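Colleague: Here the sequence shown is numbered in the working numbering, starting from 69 and rising by one per residue.
Glycine residues also receive a C-beta, built at the ideal position from the N, C-alpha and C atoms.
Small disclaimer: the values here were computed from a predicted structure and weren't measured.
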Amino acid sequence: MGRAKIIGIILAVVIATCTGLFFMIGFLTYGTISSSGSRFYIPDLIRSPEPFLIRTDIGNINIRYNTSETENVVKVDYNLRMGGAYMIGKSITDFFQIEWDNNTSPEIHKTSFILRTKPGVSLDPTNWFSIKRIEVNVTLRTDLIYSIEEYATTGNVVNDIPNNVTVDNLYIETTTGNSVINLDQAAIRDLRAESTTGGVSVYAKKSNFTSDIIATATTGNLRLNFSGCLINSNIDAEVTTGNLIYNSYNIRCLANVNWDLETTTGNINCDIIQNIEMGGDVFCDGIVKTGNINIDYRDSSSVIGATFIGTTTTGQFSPINSGGFENVGLTQFSSLDYSSANYTFRFDLTTTTGNININGQSS
69 MGRAKIIGII LAVVIATCTG LFFMIGFLTY GTISSSGSRF YIPDLIRSPE PFLIRTDIGN
129 INIRYNTSET ENVVKVDYNL RMGGAYMIGK SITDFFQIEW DNNTSPEIHK TSFILRTKPG
189 VSLDPTNWFS IKRIEVNVTL RTDLIYSIEE YATTGNVVND IPNNVTVDNL YIETTTGNSV
249 INLDQAAIRD LRAESTTGGV SVYAKKSNFT SDIIATATTG NLRLNFSGCL INSNIDAEVT
309 TGNLIYNSYN IRCLANVNWD LETTTGNINC DIIQNIEMGG DVFCDGIVKT GNINIDYRDS
369 SSVIGATFIG TTTTGQFSPI NSGGFENVGL TQFSSLDYSS ANYTFRFDLT TTTGNINING
429 QSS
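(1) Helix, strand or coil: how does DSSP classify residue 161 here?
(2) Would you give the residue range spanned by the beta strand (DSSP E) that residue 357 belongs to?
(3) Can you grab the Cα-Cα spacing for the pair residue 416 / residue 237, in whole Å?
(4) Less than 7 Å separating the beta-carbons of residue 147 and residue 226?
(5) Quick check: the Cα distance between residue 327 and residue 315, rounded to an integer number of angstroms?
(6) Work out the CA separation of residue 298 and residue 342 for me, nearest whole Å.
(7) Quick one: using the 10 Å Cβ neighbour count with 16 as the cut-off for buried, is residue 135 buried or exposed?
(8) Determine whether the beta carbon atoms of residue 430 and residue 403 lie at a separation below 7 Å.
(9) Measuring from the CB of residue 224, is there a heavy atom of the ligand FMN at a distance below 6 Å?
(10) Please report the distance separating the alpha-carbon of residue 322 from that of residue 281.
(11) Pull up the distance between the alpha-carbon of residue 253 and that of residue 211, whole angstroms please.
(12) Does the beta-carbon of residue 376 have 16 or more other beta-carbons within 10 angstroms, so that it is buried, or is it exposed?
(13) Am I right that residue 382 and residue 421 are in contact with their C-beta atoms under 8 Å? What's the rounded C-beta distance?
(14) Between the Cα of residue 102 and those of 159, 224, 278 and 373, spot the shortest distance and give me the residue it belongs to.
(15) Would you report the Cα separation of residue 120 and residue 332, rounded to the nearest angstrom?
(16) Given residue 248, which residues of its chain have a CB within under 6 Å of its CB, disregarding the five upstream and five downstream residues?
(17) Mapping the DSSP letters down to three states, classify residue 135 as helix, strand or coil.
(18) Look up residue 279 in the DSSP assignment and say whether it is helix, strand or coil.
(19) Since residue 321 sits in a beta bridge, which residues does DSSP pair it with?
(20) Quick check: the Cα distance between residue 209 and residue 302, rounded to an integer number of angstroms?
(21) With a Cβ-Cβ cutoff of 7 Å, do residue 276 and residue 364 count as a contact?
(22) State the beta-bridge partners of residue 338 as determined by DSSP.
(23) When you compare only the Cα positions, how much space is there between residue 166 and residue 292?
(24) Tell me whether residue 366 is buried or exposed, calling it buried when 16 or more other Cβ atoms sit within 10 Å of its Cβ.
(25) Have a look at residue 414 and residue 285 and give me their C-alpha separation to the nearest angstrom.
(26) Going residue by residue through the segment 211–279, where are the continuous beta strand (DSSP E) segments of at least 3 residues, counting only ones entirely within it?
(27) Leaving out the 5 sequence neighbours to the left and right, which residues in its chain are closer than 6 Å to residue 169 when beta-carbon positions are compared?
(28) Rank 279, 278, 242 and 251 by C-alpha distance to the C-alpha of residue 262 and give the top, closest one.
(29) May I have the straight-line CA-CA distance separating residue 267 from residue 221, to the nearest angstrom?
(30) What residues match up with residue 119 in a beta bridge as DSSP calls it?
(31) Let me check understanding here. Comparing Cα to Cα, which of 335, 257 and 125 lies closest to residue 219?
(32) Tell me, please, which residues DSSP counts as bridged to residue 395.
(33) Alpha carbon to alpha carbon, how far is residue 398 from residue 407? Give it in angstroms, no decimals.
(34) Which residue marks the beginning of the beta strand (DSSP E) containing residue 64, and which one marks its end?
(35) Tell me which same chain residues have a C-beta within less than 6 Å of the C-beta of residue 337, skipping the five on either side of it?
(36) Going by C-alpha distance, which of 390, 360 and 371 is nearest residue 419?
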């Protein structure tokens, strides 16, 4: 037997033995560690708006409002739990550190909660094989106005904003994870939500928007759903890779507004129902480079009208008249009452590679 072959056999045995020991020790040291706690912010003087920032390197963020009377302006409850190999002798503080800043002097200082992973954790075998469950729950007060910033590197963000609550600014940024914003009869001045890998969803019911709405997703779907809302602002929604779903049901506006909807690779799907007077006109630009634009439009009032103008490079403009519409040339599809309507929707739609499909019904 050659020397090279003997050395190869020895190396194979050593590697197999070390691998076996690695996993055997991991099995023998399997365990679970956890840590939970709360942080409170009770200032002497309450500001309006009250600025609050939360940032997590890993974990889910849940923003809710109080259901019973409380003196806390901000309450943060955290629950950190890890389970896996090589966990014996470890603690949560070996992996994470919490930064809590409730010093509001000077007055412009933000109250902040930051959950960081410690440097070097990515090289620890315990971290490689662990299963993590990390939740950070924030409770705010319904009687106060907040300016909120939320950043999640790995994890989801959920905002539940109930009736009679006013938010000055809401800014959400997720790197890997989804963000969901639920508004029920709430008011918000400025809304911005961005996701790198993950979706963004806004579900608003009978809520008021008084400044611009900006929502973007790099890789993931973007869903905007407005029902009975006052949208007195422009909407800018953009997806790089993914679909954009836009639903508008009986919205109102006090002046003319613009909807800018765009996808690079993915479809734009819209469902528009308008049975009440709006108060202003809507101008929508829908742009898709690779994908289709699909719009279902319905209104039941002679004072509301709509027109759709479609331009395609490789694809077709395909309108369907379900009542009260007509083709105006080859690239325009308008309701019969468009020129006489008090309030109108104008859709300028463009696809590079893809079809434009419209189903229109107007009374």
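Modeller: From the atom records:
(1) Helix, per DSSP.
(2) 350–358 is the span of the beta strand (DSSP E), which, as asked, contains residue 357.
(3) Those two C-alpha atoms are separated by around 30 Å.
(4) No, Cβ-Cβ distance for residue 147 and residue 226 is not below 7 Å.
(5) The straight-line gap from Cα to Cα measures roughly 12 Å.
(6) About 13 Å.
(7) Sixteen is the threshold: since fewer than 16 other Cβ atoms of the shown chains lie within 10 Å of the Cβ of residue 135, the residue is exposed.
(8) Cβ atoms of residue 430 and residue 403: closer than 7 Å.
(9) Among the components modelled here there is no ligand, and therefore nothing to report on the ligand FMN.
(10) Residue 322 and residue 281: Cα-Cα distance of roughly 16 Å.
(11) Going by the C-alpha atoms only, they are around 14 Å apart.
(12) Label assigned to residue 376: buried.
(13) The C-beta separation of residue 382 from residue 421 comes to about 5 Å, placing the pair in contact by the 8 Å criterion.
(14) Here the closest residue by C-alpha is 159.
(15) Each residue's alpha carbon lies about 34 Å from the other.
(16) Contacts found: 226 and 269.
(17) Per DSSP, reduced to three states, the secondary structure at residue 135 is coil, with no helix or strand assignment.
(18) Residue 279 falls in the coil class under three-state DSSP.
(19) Residue 321 is not bridged to any residue.
(20) If you draw a straight line from the Cα of residue 209 to the Cα of residue 302, it comes to about 28 Å.
(21) Between residue 276 and residue 364, the C-beta spacing is not below 7 Å.
(22) Beta-bridge pairing links residue 338 to 314 and 363.
(23) Going by the C-alpha atoms only, they are around 34 Å apart.
(24) Around the Cβ of residue 366, a 10 Å sphere holds 16 or more other Cβ atoms; the residue is buried.
(25) When the Cα atoms are used, residue 414 and residue 285 turn out to be separated by approximately 25 Å.
(26) Counting only runs of 3 or more, we get 214–222, 225–229, 234–244, 247–252, 255–265 and 268–273.
(27) Excluding sequence neighbours, residue 169 sits near 180.
(28) The shortest C-alpha separation from residue 262 is found at 242.
(29) Taking the straight line joining both Cα atoms gives about 14 Å.
(30) Beta bridge pairing from DSSP links residue 119 with 215.
(31) In terms of Cα proximity to residue 219, the closest of 335, 257 and 125 is 125.
(32) Residue 395 is bridged by DSSP to 401.
(33) Approximately 19 Å, taken between the alpha carbons.
(34) Lying outside 69 to 431, the shown extent of the chain, residue 64 is not represented and no answer is given.
(35) Apart from sequence neighbours up to five positions away, the residues of its chain that approach residue 337 with a beta-carbon distance below 6 Å are 313 and 362, ordered along the chain.
(36) Here the closest residue by C-alpha is 360.
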